[in-house]
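Protein chains in written order, with the working numbering: chain A, 56 to 312; chain B, 141 to 739.
Quick reminder that beta carbons are idealized off the backbone N, C-alpha and C, glycines included.
Remember, it's a predicted structure, so these values are computed and weren't measured experimentally.
Everything on this sheet refers to the single structure shown next.
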Amino acid sequence: MKLFIVILLLSTTLAAIDLDLPVSAVQNATSTLVLIYPSPSAASSNPACSNSGIESSITYLFSMEDLPYYNLHIQYNYNNFGFHLGNSLLKHPLYKESDNMFTLNYNYNDLSIGSTLHYLYNKVEEYHEDSTLFADIGLLWKNGNIATGLSIHNVTHSSFLEEQLPIVYLWESCFSLTPKSKLSIGFEKENDFDFTFKIAGRYDIHKFLTILSSYQYGPDRIGIGAVFKLKDISICYSIRTHQYLSLNHYISLNYAF
Amino acid sequence: MRFKIVLFSLLFISILAAQVDLETIISQDEETSYPTELMEFLQNIRKKPVNINTIIEEDLYLFPWLTEIDVKKILEYRKSHKINKISDLRKLNISNKTINEIKNYITFKTVSRYKIQQISRAEFHQQKQNYPSTLKYFQKTILDLKKLKIGFISQKDEGEKDPLDFYSYFIEYTTDNFLKKCLIGKYRLALGQGILFASKLGTSKSGAATSTPIKKFHPIKPYTSSYEIWEMEGAAANLRFSYFNLIPFFSKTSLSTNLDTLDQITSFNESGIHHDENKKNNVKEMIYGLAAKLKWRDHSFGLNFANLNFDHEFSNSAQKSEYAAISIDFILNRSSYPAFGEFACTQDKIAGVLGGKFGENKLRHLLLFRYFEKDFPTWHGNPFSSQSRFDNEVGLYYGMTIIPLERVKINCYFDLWSFPGTRYFEKMPTVGSEQYIQVERKFKVNSLRLTVQHKNKEKYISLDQAKIRDFARTTFKIDWWQIITNLRFKTRCELVTEYLAEDKIHESGILAYEEIRWKIEKFTMIGQVTVYHSDVLHYMYEHNVDGIMQNSVLNGDGIYSYFVFKYNLFKSMELQFKFSDHWNTKDKLQMYLQVVSNF
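As structure tokens, this is what we get:
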């Protein structure tokens, strides 16, 4: 199984293969729907999201100890502007991929817009080494109990190793059904692939504990997570299924400021 | 033919019918054609409604429309008040929708505990008219004498000579002291989440996405099903010591099996058809065990032990003819089921179910994980799983019930599973998934329901095919219920597609039916005409005389119709008659005649 993953990684970049890697434990639990539970890493999915704080996450992809995946995201808001810095790093003795990103977002009343610039670096030992720049844009609109977001990844149509990186369209709507319950639904469309449908739920059992759960269709995944909060600090642990590979366990530490 | 055309035209003059929610809950199982325990329970109490003030807690949990929170409210209220009318239930914040659903099953008056229930039924299936003994008979007599219940059930299928080919009998004694219940005769045992023992007839998944997967049953119950297998025969008791309940059980029974040349069991005969007397009851099974239950505050814990012994070996050497099994089960906080589960093991196999429920009325979630090792004994169990033989499965189920608006209810579930070991056809591990979304909109009187169900399975199409095929089946259904005075109409349009991705084979079918239910004083008529044009199989729930569950399977081109007539001869006696036929296929006529008495 490890060999299978490594072969996949060697053949292309993460963004282009069906591994669908979330950048935090919360996104692992919500199938990368980001409006349902605010976290600093949300800007990596929708650049219009501006949830201030610092978030660090780690997972061993599909429970394989030689495939660690690290994430660090910082979001700082000043007046109507927000700034986000993030790094995602996948490290394997033969394979290394780093995605460094900078996001600028602007909030005006209920409307937010943002853009992220990525610097993607990829190295496969004794095979290739390459890097590229690409950008995402996002829009977020809040209206009472409903929040809707739309983002487009790789609007610059950038290429990597002479192949174009995927262009991904993401749409999400989040409904606050009660003060304790939220429901989010979304679609993801990658060029040359079918629509991916997602649904996620959130329930605040207690002010210290939130349960997150989600389902994604195409490919099929179920994510479950629990967020433990203590004032501004929260820890999230989540799991997500893969029909052929082992569970993806994720843990994140988040400090909101 | 003219008669059929007239009826067909009459039915299509207007549009549709009832029992919306009951059908939602009991009609999902595509394989079962026998009434489940839930269906039997609801049919019984519909005839003789139960007093909401005296019904026991376990029975209240059986009402599929009551949430665990509703049950807790009723139990709390009963401690200090008497529930005298519907408005008392409204005071408890039980929704109008729920009250409308349960009102036909409950009463506020004292109900006589002395009852006699008698059902006699004869069935004729034209396809089996050449059998030596053409008719199928069923009879059930249950005498309820307050604390003592005595029952006798018998059945003879077409072609069977013995009028008592299958029979069940029981004496049940219930008290308020330490001997809570004692049962002698044929019974069924159900423990925890049903891994070791459960009623075999029951669905795991349905339109009630956040309640059906949780198994809730009485531990011991008389065997009143007409399904001729899986019963236990002997004695069982429920002894109560304060918070503790002890359930000792013993059973020695015979099973009908198929044996190979070495006299080893290859499979069980689950059809109940015994044309060959030599294959009838040819294997003896003995079971003894003890279950201990602790109910503490709102939680319950169980420890269950059983020893099973067959007097023949199995041809599959991985299946033992004698084994001991142990399981632990728990429900934390019964009033909302936030966590429940059961873990079981035999000498060398393990199995487990772990689930949790959370959320509020407007958005409820249910997550359920199951793991069943390959060749774990499945004979008496029926836990949540994607198939009836549940071993060799790992899966995760996620169900949601969403009430976004007052009259709108959305139920959806997503189930992912894999078969990690090889199976008879599949020589490699395979995976499957199912998605189900049902949106129901209630209007003042009428209601509309949209259902989308998609199943995807990896499977071999035949043994000589080396490749695993991706098989997808998608069903779209639109149901419309309409009530006009004492006429209730139901219209369904269904589209089914099946797709084999590997070979790009695409097949589809459509089905539409009109059902009408007409009730006037002592007379009830249910009729349905179905038109179908299809390359694939359509599974359709149909109404029947009480005590029969029927899921018709239709494919090809044709028209199918059935009519059920019920007439109350006296206050406590009802005559029921049904006939069904495929219009352009010969020898498919079926007729049922039943007398139901409740004194």
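Query - Own chain, CB closer than 6 Å to Leu175(A), minus 5 neighbours either side, in chain order - result: By 1-based counting over the first sequence, the position of residue 175(A) is 120. Closer than 6 Å at the Cβ level, and outside the excluded window around Leu175(A), lie Asp154, Thr187.
Query - chain B residues whose Cβ lies nearer than 9 Å to that of Gln82(A) - result: For the purposes of this step, residue 82(A) is taken as residue 27 along the first sequence, with counting starting at 1. Here the premise fails: no neighbours, minimum Cβ distance about 17 Å.
Query raised in the report: According to the Cβ coordinates, are Ser112(A) and Ile288(A) closer than 8 Å?
Result: Counting from 1 along the first sequence, the entry for residue 112(A) is found at position 57. Counting from 1 along the first sequence, the entry for residue 288(A) is found at position 233. No, the Cβ-Cβ distance between Ser112(A) and Ile288(A) is not below 8 Å.
Query raised in the report: Between the segment 558-572 of chain B and the segment 360-372 of chain B, do at least 3 Cβ pairs fall closer than 8 Å?
Result: no
**Report entry** Under 8 Å between C-beta atoms of Lys253(A) and Leu88(A)
**Finding:** Taking the first residue of the first sequence as position 1, residue 253(A) is located at position 198. Taking the first residue of the first sequence as position 1, residue 88(A) is located at position 33. Against a cut-off of 8 Å, the Cβ pair of Leu88(A) and Lys253(A) comes out as a contact.
Query raised in the report: Within 8 Å (strictly less), CB to CB, does Glu170(B) reach chain A?
Result: As a working mapping, residue 170(B) is identified with position 30 in the second sequence. At Glu170(B) the pLDDT is 46, less than 50, meaning the model places this residue with poor confidence; the figure from the coordinates comes in the next sentence. Output row for Glu170(B): interface = no.
Requested in this report: Identify the continuous beta strand (DSSP E) that holds Arg218(B) and give its terminal residues.
Outcome: Taking the second sequence and counting its residues from 1, one reaches residue 218(B) at position 78. Arg218(B) -> not in any beta strand (DSSP E); alpha helix (DSSP H) instead, spanning 208-220.
Query - Test item: CB-CB of Ala465(B) and Leu448(B) under 8 Å - result: For this step, residue 465(B) is matched to residue 325 along the second sequence. For this step, residue 448(B) is matched to residue 308 along the second sequence. Yes. Within cutoff.
Query raised in the report: Glu500(B) CB to nearest chain A CB: under 8 Å?
Result: Against the second sequence, residue 500(B) aligns to sequence position 360. True, the Cβ-Cβ gap to chain A drops below 8 Å.
Query raised in the report: Which whole-angstrom value is the C-beta distance of Lys419(B) and Ser394(B), which I expect to be below 8 Å?
Result: Counting from one through the second sequence, the residue named residue 419(B) turns up at place 279. Counting from one through the second sequence, the residue named residue 394(B) turns up at place 254. Lys419(B) to Ser394(B), Cβ: 12 Å. No contact.
**Report entry** Val548(B): contacting residues in chain A (beta-carbon distance under 9 Å)
**Finding:** The count along the second sequence starts at 1 and reaches residue 548(B) at position 408. What Val548(B) touches in chain A: nothing, since even the nearest Cβ is about 12 Å away.
Report task. Using a Cβ cut-off of 8 Å (strictly closer), state whether Gln487(B) contacts chain A. Result -> Counting from 1 along the second sequence, the entry for residue 487(B) is found at position 347. No, Gln487(B) does not count as interfacial toward chain A.
Report task. Would you mind reading off the limits of the beta strand (DSSP E) that contains Glu184(A)? Result -> Position 129 of the first sequence, counted from the start, is the residue given in the question as residue 184(A). That run of the beta strand (DSSP E) goes 183-198.
Requested in this report: Could you give the DSSP three-state label for Gly80(A): helix, strand or coil?
Outcome: Here residue 80(A) refers to the residue found at position 25 of the first sequence. This sequence places Ala at residue 80(A); Gly is not what is there. It is helical.
Report task. State yes or no: is the C-beta of Asn303(A) within less than 8 Å of the C-beta of Asn126(A)? Result -> One-based indexing of the first sequence puts residue 303(A) at position 248. One-based indexing of the first sequence puts residue 126(A) at position 71. Taking 8 Å as the Cβ cut-off, Asn303(A) and Asn126(A) do not qualify as a contacting pair.
Query raised in the report: Thr172(B): buried (16+ other C-beta within 10 angstroms of its C-beta) or exposed?
Result: Numbered from its first residue, the second sequence carries residue 172(B) at position 32. Residue placement at Thr172(B) is poorly supported in this model, since its pLDDT is 48, which falls under 50; the coordinates are not used for a value here.
Query raised in the report: If we call anything under 8 Å between Cβ atoms a contact, is Gln690(B) one with Ser260(B)?
Result: Stepping through the second sequence from its first residue, residue 690(B) is reached at position 550. Stepping through the second sequence from its first residue, residue 260(B) is reached at position 120. No.
Requested in this report: Would you list the one or two residues that DSSP bridges to Gly169(A)?
Outcome: Position 114 of the first sequence holds residue 169(A). DSSP lists Asn160(A), Gly193(A) as partners of Gly169(A).
Report task. Reducing DSSP to helix, strand and coil, say where Met731(B) ends up. Result -> The residue labelled residue 731(B) in the question sits at position 591 within the second sequence. The answer is strand: DSSP assigns Met731(B) an E or B state.
Query raised in the report: Would the segment 228-240 of chain A and the segment 190-205 of chain A be scored as touching if the rule is three or more Cβ pairs under 8 Å?
Result: yes
Requested in this report: Enumerate in chain order the residues of its own chain whose CB-to-CB distance from Leu336(B) is below 7 Å, with the five nearest sequence positions on each side excluded.
Outcome: By 1-based counting over the second sequence, the position of residue 336(B) is 196. Closer than 7 Å at Cβ, skipping near neighbours: Asn444, Ala446, Ala465, Ser467, Ala484, His520, Gly521.
Query raised in the report: Which term fits Asp305(B), buried or exposed, when burial requires 16 or more other beta carbons within 10 angstroms of its beta carbon?
Result: Numbered from its first residue, the second sequence carries residue 305(B) at position 165. So Asp305(B) counts as buried.
Query raised in the report: On the three-state DSSP scale, how would you describe Ala103(A)?
Result: To locate residue 103(A), count along the first sequence from 1; it is residue 48. It is coil, neither helix nor strand.
Report task. Answer with yes or no whether the minimum CB distance from Ile699(B) to chain A is below 8 Å. Result -> For the purposes of this step, residue 699(B) is taken as the residue at position 559 of the second sequence. Output row for Ile699(B): interface = no.
**Report entry** Beta-carbon contacts of Ile165(B) that lie in its chain and below 6 Å, excluding the five residues immediately before and after
**Finding:** Numbered from its first residue, the second sequence carries residue 165(B) at position 25. Confidence at Ile165(B) is low in this model, with a pLDDT of 49, below 50, so its placement is unreliable and no value can be given for it.
Report task. Specify the secondary structure class of Asn142(A) as computed by DSSP and reduced to three states. Result -> In the first sequence, counting from the first residue as 1, residue 142(A) sits at position 87. In this structure, Asn142(A) counts as strand in the three-state DSSP scheme.
Query raised in the report: Rounded to a whole number of angstroms, what is the C-alpha to C-alpha distance between Ile72(A) and Ala458(B)?
Result: Reading the first sequence from its first residue, position 17 is the one you call residue 72(A). Reading the second sequence from its first residue, position 318 is the one you call residue 458(B). Residue confidence is low: Ile72(A) scores 46 on pLDDT, short of 50, so the model does not pin down where it sits. Its coordinate-derived value is still stated next. Each residue's Cα considered, the two are about 40 Å apart.
Report task. State the DSSP-derived secondary structure class of Ser301(A), mapped to helix, strand or coil. Result -> Along the first sequence, read from residue 1 onward, the residue named residue 301(A) stands at position 246. Reduced to three states, the DSSP call for Ser301(A) is coil.
Requested in this report: Compute the distance between the beta-carbons of Asp531(B) and Phe512(B), then report whether it is under 8 Å.
Outcome: If you number the second sequence from 1, residue 531(B) lands on position 391. If you number the second sequence from 1, residue 512(B) lands on position 372. Yes, Cβ-Cβ distance for Asp531(B) and Phe512(B) is below 8 Å.
Query raised in the report: Going along chain B in order, which residues have a C-beta closer than 7 Å to the C-beta of Leu205(A)?
Result: Numbered from its first residue, the first sequence carries residue 205(A) at position 150. Neighbours of Leu205(A) on chain B: none; closest Cβ ~22 Å, over 7 Å.
Query raised in the report: Can you tell me the Cα-Cα spacing of Thr250(B) and Phe292(B), whole angstroms?
Result: The sequence position of residue 250(B) within the second sequence is 110, counting from 1. The sequence position of residue 292(B) within the second sequence is 152, counting from 1. Straight-line Cα distance between these residues: approximately 27 Å.
Query raised in the report: If we call anything under 8 Å between Cβ atoms a contact, is Ile129(A) one with Leu140(A)?
Result: As a position in the first sequence, residue 129(A) is number 74, starting the count at 1. As a position in the first sequence, residue 140(A) is number 85, starting the count at 1. Cβ atoms of Ile129(A) and Leu140(A): closer than 8 Å.
**Report entry** Within-8 Å CB hit, Pro353(B) to chain A
**Finding:** Here the question's residue 353(B) lines up with position 213 in the second sequence. Not one chain A Cβ lies under 8 Å of Pro353(B).
Query raised in the report: What span of residues does the beta strand (DSSP E) with Gln258(B) cover, start to end?
Result: One-based indexing of the second sequence puts residue 258(B) at position 118. Element bounds for Gln258(B): 254-265.
Requested in this report: Grab the span of the beta strand (DSSP E) containing Tyr768(B) for me, first residue to last.
Outcome: As shown, chain B starts at 141 and ends at 739. That puts residue 768(B) outside it, with no answer to give.
Query raised in the report: Quick one: is Ile260(A) near chain B, going by C-beta distance under 8 Å?
Result: Residue numbering aside, residue 260(A) sits at position 205 when the first sequence is read from its first letter. Output row for Ile260(A): interface = yes.
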